[in-house]
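Asks: Protein chains in written order, with my numbering: chain S, 1 to 318; chain L, 1001 to 1318. A virtual CB, placed ideally from N, CA and C, is assigned to each residue, including glycine. Keep in mind that this is a model prediction, so the values were computed, not measured.
Protein chains: 2
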Amino acid sequence: MMDHSLLEKKIKEKDIVALSKAITMNESSIIEDNIVIDRIIANNTHALDQSIVISISGIPGVGKSSFINVLGEFLHRKNLSIAVFSIDPSSELSQGSILGDKTRMTELSRLDHVFIRPSPSSNRLGGVGINTHNNIELAKIAGYDIILIESVGVGQSETVVKQLSDIFLLLTMPSSGDELQGIKKGIMEMADFFIIHKADGALKIAAEQSQKDIEAALHMTRTEDLENRIFRFSSVEKIGLETIWDALKNYAAALKKENKLIPRRRQQRAYWAEESYKNIILSHFIAKHKLEFDQLNAKILNGSYVKLDEILALVTND
Amino acid sequence: MMDHSLLEKKIKEKDIVALSKAITMNESSIIEDNIVIDRIIANNTHALDQSIVISISGIPGVGKSSFINVLGEFLHRKNLSIAVFSIDPSSELSQGSILGDKTRMTELSRLDHVFIRPSPSSNRLGGVGINTHNNIELAKIAGYDIILIESVGVGQSETVVKQLSDIFLLLTMPSSGDELQGIKKGIMEMADFFIIHKADGALKIAAEQSQKDIEAALHMTRTEDLENRIFRFSSVEKIGLETIWDALKNYAAALKKENKLIPRRRQQRAYWAEESYKNIILSHFIAKHKLEFDQLNAKILNGSYVKLDEILALVTND
Chain S
1 MMDHSLLEKK
11 IKEKDIVALS
21 KAITMNESSI
31 IEDNIVIDRI
41 IANNTHALDQ
51 SIVISISGIP
61 GVGKSSFINV
71 LGEFLHRKNL
81 SIAVFSIDPS
91 SELSQGSILG
101 DKTRMTELSR
111 LDHVFIRPSP
121 SSNRLGGVGI
131 NTHNNIELAK
141 IAGYDIILIE
151 SVGVGQSETV
161 VKQLSDIFLL
171 LTMPSSGDEL
181 QGIKKGIMEM
191 ADFFIIHKAD
201 GALKIAAEQS
211 QKDIEAALHM
221 TRTEDLENRI
231 FRFSSVEKIG
241 LETIWDALKN
251 YAAALKKENK
261 LIPRRRQQRA
271 YWAEESYKNI
281 ILSHFIAKHK
291 LEFDQLNAKI
301 LNGSYVKLDE
311 ILALVTND
Chain L
1001 MMDHSLLEKK
1011 IKEKDIVALS
1021 KAITMNESSI
1031 IEDNIVIDRI
1041 IANNTHALDQ
1051 SIVISISGIP
1061 GVGKSSFINV
1071 LGEFLHRKNL
1081 SIAVFSIDPS
1091 SELSQGSILG
1101 DKTRMTELSR
1111 LDHVFIRPSP
1121 SSNRLGGVGI
1131 NTHNNIELAK
1141 IAGYDIILIE
1151 SVGVGQSETV
1161 VKQLSDIFLL
1171 LTMPSSGDEL
1181 QGIKKGIMEM
1191 ADFFIIHKAD
1201 GALKIAAEQS
1211 QKDIEAALHM
1221 TRTEDLENRI
1231 FRFSSVEKIG
1241 LETIWDALKN
1251 YAAALKKENK
1261 LIPRRRQQRA
1271 YWAEESYKNI
1281 ILSHFIAKHK
1291 LEFDQLNAKI
1301 LNGSYVKLDE
1311 ILALVTND
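1. If we define contact as Cβ-Cβ less than 9 Å, is residue 98 of chain S a contact residue for chain L?
2. At a threshold of 8 Å, does residue 197 of chain S count as lining the ligand NAP (C-beta to nearest heavy atom)?
3. Any chance you could list the beta strand (DSSP E) runs of at least 3 consecutive residues sitting entirely within the region 1006-1067 of chain L, in chain order?
4. Would you list, in chain order, the members of the region 1033-1056 of chain L that have their beta-carbon closer than 8 Å to a beta-carbon of chain S?
5. For residue 81 of chain S, which of S/40, S/65, S/141 has the nearest alpha-carbon?
6. So if I threshold CB-CB distances at 8 Å, which residues from the region 281-301 of chain S count as touching chain L?
7. For residue 1262 of chain L, which of S/295, S/71, S/300 has the nearest alpha-carbon?
8. Is the Cβ-Cβ distance between residue 1266 of chain L and residue 1166 of chain L less than 9 Å?
9. In the structure shown, what three-state DSSP assignment does residue 1074 of chain L receive?
10. Just to confirm before moving on: does the CB-CB distance between residue 188 of chain S and residue 222 of chain S stay below 9 Å?
11. Name the DSSP beta bridge partners of residue 1151 of chain L, please?
12. Using DSSP with H/G/I as helix, E/B as strand and the rest coil, what is residue 239 of chain S?
13. Using the C-alpha atoms, what's the distance from residue 1317 of chain L back to residue 10 of chain S?
14. Under three-state DSSP, which class holds residue 1266 of chain L?
15. Three Cβ pairs or more, each shorter than 8 Å: is that satisfied between the region 300-312 of chain S and the region 1268-1284 of chain L?
16. Can you give me the start and stop residues for the beta strand (DSSP E) that residue 1233 of chain L sits inside?
17. Would you say residue 1211 of chain L reaches chain S, if we count a Cβ-Cβ gap shorter than 9 Å as a contact?
18. Let me know the secondary structure DSSP gives residue 172 of chain S once reduced to three states.
19. Just to confirm my understanding: we take residue 1255 of chain L, look at its own chain, exclude 5 residues before and 5 after, and list those with CB closer than 6 Å. What are they?
20. Taking the C-alpha atoms as reference points, what is the distance between residue 1258 of chain L and residue 1058 of chain L?
21. Counting only Cβ pairs nearer than 8 Å, list the residues of chain L close to residue 267 of chain S.
22. Can you tell me which residues form a DSSP beta bridge with residue 117 of chain S?
23. At 7 Å on the CB atoms, spell out the chain S contacts of residue 1316 of chain L, in chain order.
24. Can you name the start and end residues of the alpha helix (DSSP H) that residue 314 of chain S belongs to?
25. Looking only at its chain, what residues have a beta carbon closer than 6 Å to the beta carbon of residue 131 of chain S, apart from the 5 residues adjacent to it on each side?
26. If we define contact as Cβ-Cβ less than 9 Å, is residue 92 of chain S a contact residue for chain L?
27. When the Cα atoms are used, what is the spatial distance from residue 218 of chain S to residue 197 of chain S?
28. Residue 1294 of chain L lies in the alpha helix (DSSP H); which residues open and close that run?
29. How should residue 133 of chain S be labelled, buried or exposed, when 16 other C-beta atoms within 10 angstroms of its C-beta is the threshold for buried?
30. Got a sec: is the Cβ-Cβ distance from residue 305 of chain S to anything in chain L below 9 Å?
31. List, from N- to C-terminal side, the alpha helix (DSSP H) runs of 4 residues or more that fit wholly inside the region 1183-1209 of chain L.
32. Residues of chain S with CB under 7 Å from residue 1278 of chain L, in chain order?
33. Using a cut-off of 7 Å between C-beta atoms, extract the partners of residue 1312 of chain L located in chain S.
34. Give every residue of the same chain whose Cβ lies closer than 7 Å to the Cβ of residue 1098 of chain L, excluding the five residues on either side of it in the sequence, and list them in chain order.
35. By the DSSP assignment, the alpha helix (DSSP H) with residue 106 of chain S in it spans what residues?
36. Assign residue 64 of chain S to buried or exposed, taking buried as 16 or more other Cβ atoms, counted over all protein chains shown, within 10 Å of its Cβ.
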């Protein structure tokens, strides 16, 4: 077993094996492992505010992996180190897309100073992403300049994404105005940037229309200035990435200048701590009353109706 | 305030106002309201196994509402009564799609013996769907023959959908084989039926290819016989709905005949009861230790790191 101060030292040296090991310990169901990671993070809070965390969300098929591949290569050419996390809550029975994580982001995965961590292999109590915040903290301690988070970002997970990142980038596809209903209000309100992806070939004109539709929809729902927030892009043609990157950088710089970044990150830490409390409370309580819960469960499976009062009595008489 | 036995009586008479009121009480954050509904359901367990619950899932833009509109009208012509629930976990800030629930399913909403309940207006502790199971039970007590559940069914919510329905129907769009990666393995493993929607006009040929791709993908991952489980359909042309409906009916009949339906529903009830325990445990514990949790939260927002040990001590010393 590796000494923990050695593990900490090696993470800070950007040792990929050490970082991977730490992430595995963070995602472990053994509380002692979690505590080791918690202490490493507590020792390095000074290092947590250097990196920029950008989430890239969008529905399946929008091309998140291609975009991250292209963006990652672009940032790598600027000598920035990159960590990529996938928090796609894709599957209960078995994780990942049909084609699998390994065949995607091929070019990016070959580069130095690039760390790619696919989705965790199983869902954990309380849902996706509870440990992901600490995974990101570990990547910050390892000194990665840019941390990219890939997420399907549809439904519940859009909140998760917002609570993990400094910048929330929504990828959409060129489509007719009618199909704008596919983009939910919530995500329209939460996203900081909009990229109309696949804006090439036959979809070029549809992409222009999509941009206008999104601008019009945002105009109805949001009050802030949204100049330089909506872009068309093609991961095939790769034109205009410098402009998008400038906009992202300027946005992050403005957040810092207006003193919004640190409070937001603290609020995020508080959000994830609360999720962590909840997990601990549930594990503790359910373990303590395992016998009673198993009995209630057996009653239901035998066809009886367990009344709410019975459950309330069990909890309040604890 | 309405008398509860009167409320129960009126629900059983399929009184839409009473059913709506009961659903609101079920979704209420006032525990006394929840208990009233729980008792009404406990009184009517004999009525819970009559209806068939079909979930219709698919990514935003696939045309779930149009499909439900067409399917609902079709079932209505067969003199079946229909309740439709939407459990789209679409938005944290404000619920629903940009075009809104009210403008969709127009034709269906005008018919008699059709009850439509849009998404709940706010997210609740523990995520989407915890109360939805009881909402469905209420619709069963009201005697609706067919209960349709519309859900985005991407990510975490696919499990929720599976735990709510007898039949899980996945809507997909015609697309090239390459884009099959958009359909996650998990949902491919969980869905009972696959409808390649929008199989009309320019997409007709792509739909045929999609069907072959899905058949091939399923062949790799699933062992059971999937004949009569994959269909192409157009909600514009509306051809072949009788065939799809026959397949759904036969599937439900086979589940009953093989004694799978009742055990599955009991397992679902146990699943939702567990979600309910968890909510009660969390509410109780967090209320009991509100002061300590508020202090920890304040510490984090002030920039301190709260160690996992502190939280563990608070919970285990309870």
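Replies: To lay it out plainly:
1. Start at 1 with the first residue of the first sequence, and residue 98 of chain S comes out as number 98. Residue confidence for residue 98 of chain S is low, a pLDDT of 37 falling below 50, so the modelled location carries little weight and cannot support an answer.
2. This structure lacks the ligand NAP, and indeed carries no ligand of any kind.
3. 1052-1057
4. 1034, 1035, 1038, 1039, 1041, 1042, 1045
5. As a first step, residue 81 of chain S must be located in the first sequence, where it is residue number 81. Comparing Cα-Cα distances from residue 81 of chain S to each of S/40, S/65, S/141, the minimum goes to S/141.
6. 281, 282, 284, 285, 286, 293, 296, 297, 300, 301
7. The residue given as residue 1262 of chain L occupies position 262 in the second sequence. Of the candidates S/295, S/71, S/300, the one whose C-alpha sits nearest the C-alpha of residue 1262 of chain L is S/300.
8. One-based indexing of the second sequence puts residue 1266 of chain L at position 266. One-based indexing of the second sequence puts residue 1166 of chain L at position 166. No, the pair does not count as a contact, with Cβ atoms beyond the cut-off.
9. In the second sequence, residue 1074 of chain L corresponds to position 74, counting from 1. Of the three classes helix, strand and coil, the one that applies to residue 1074 of chain L here is helix, per DSSP.
10. Residue numbering aside, residue 188 of chain S sits at position 188 when the first sequence is read from its first letter. Residue numbering aside, residue 222 of chain S sits at position 222 when the first sequence is read from its first letter. Yes, they are a contact pair.
11. Position 151 of the second sequence, counted from the first residue, corresponds to residue 1151 of chain L. Paired residue(s): L/1057.
12. Position 239 of the first sequence, counted from the first residue, corresponds to residue 239 of chain S. In this structure, residue 239 of chain S counts as coil in the three-state DSSP scheme.
13. Your numbering for residue 10 of chain S matches position 10 in the first sequence. Your numbering for residue 1317 of chain L matches position 317 in the second sequence. Distance between the alpha carbons of residue 10 of chain S and residue 1317 of chain L is about 35 Å.
14. By 1-based counting over the second sequence, the position of residue 1266 of chain L is 266. Residue state, collapsed to three classes: helix.
15. yes
16. Within the second sequence, residue 1233 of chain L is the residue found at index 233, counting from 1. No beta strand (DSSP E) holds residue 1233 of chain L; DSSP gives it neither H nor E.
17. On the second sequence, residue 1211 of chain L is found 211 positions in, with the first residue counted as 1. So no, residue 1211 of chain L is outside the interface.
18. What you label residue 172 of chain S is simply residue 172 of the first sequence in a count that begins at 1. Residue state, collapsed to three classes: strand.
19. Residue numbering aside, residue 1255 of chain L sits at position 255 when the second sequence is read from its first letter. Answer for residue 1255 of chain L: 1261, listed in chain order.
20. If you number the second sequence from 1, residue 1258 of chain L lands on position 258. If you number the second sequence from 1, residue 1058 of chain L lands on position 58. Going from the Cα of residue 1258 of chain L to the Cα of residue 1058 of chain L covers about 28 Å.
21. As a first step, residue 267 of chain S is located in the first sequence; it is residue number 267 there, counting from the start. Those within 8 Å of residue 267 of chain S in chain L are 1301.
22. Residue mapping note: residue 117 of chain S aligns to position 117 of the first sequence, counting from 1. In the DSSP output, where bridge partners are listed per residue, residue 117 of chain S has S/85.
23. In the second sequence, the residue the question calls residue 1316 of chain L occupies position 316. Ordered by position in chain S, the residues that pass the 7 Å Cβ test against residue 1316 of chain L are 284.
24. Position 314 of the first sequence, counted from the first residue, corresponds to residue 314 of chain S. Segment 308-316, the alpha helix (DSSP H) holding residue 314 of chain S.
25. The residue given as residue 131 of chain S occupies position 131 in the first sequence. Closer than 6 Å at the Cβ level, and outside the excluded window around residue 131 of chain S, lie 26, 27.
26. As a first step, residue 92 of chain S is located in the first sequence; it is residue number 92 there, counting from the start. At residue 92 of chain S, the pLDDT of 35 sits below 50, so the modelled position is not reliable and the matter cannot be decided from this model.
27. Within the first sequence, residue 218 of chain S is the residue found at index 218, counting from 1. Within the first sequence, residue 197 of chain S is the residue found at index 197, counting from 1. Straight-line Cα distance between these residues: approximately 18 Å.
28. Walking along the second sequence from the start, residue 1294 of chain L turns up at place 294. Looking at the DSSP string, the run of the alpha helix (DSSP H) that includes residue 1294 of chain L is 1290-1301.
29. Residue numbering aside, residue 133 of chain S sits at position 133 when the first sequence is read from its first letter. It is buried - the Cβ of residue 133 of chain S has at least 16 other Cβ atoms within 10 Å.
30. For this step, residue 305 of chain S is matched to residue 305 along the first sequence. Closer than 9 Å: yes.
31. 1185-1190
32. Taking the second sequence and counting its residues from 1, the one referred to as residue 1278 of chain L is at position 278. The answer, in chain order, is 282.
33. For the purposes of this step, residue 1312 of chain L is identified with residue 312 of the second sequence, where counting begins at 1. Near residue 1312 of chain L (Cβ distances below 7 Å), the residues of chain S are 280.
34. Counted from its first residue, the second sequence places residue 1098 of chain L at position 98. In this prediction, residue 1098 of chain L has a pLDDT of 37, which is less than 50 and means its spatial position is unreliable; what the coordinates show is noted afterwards. Nothing listed; no residue qualifies.
35. Locating residue 106 of chain S in the first sequence gives position 106, counting from the first residue. Note, residue 106 of chain S: alpha helix (DSSP H), 106-109.
36. Here residue 64 of chain S refers to the residue found at position 64 of the first sequence. By the neighbour-count rule (16 or more Cβ atoms within 10 Å), residue 64 of chain S is buried.
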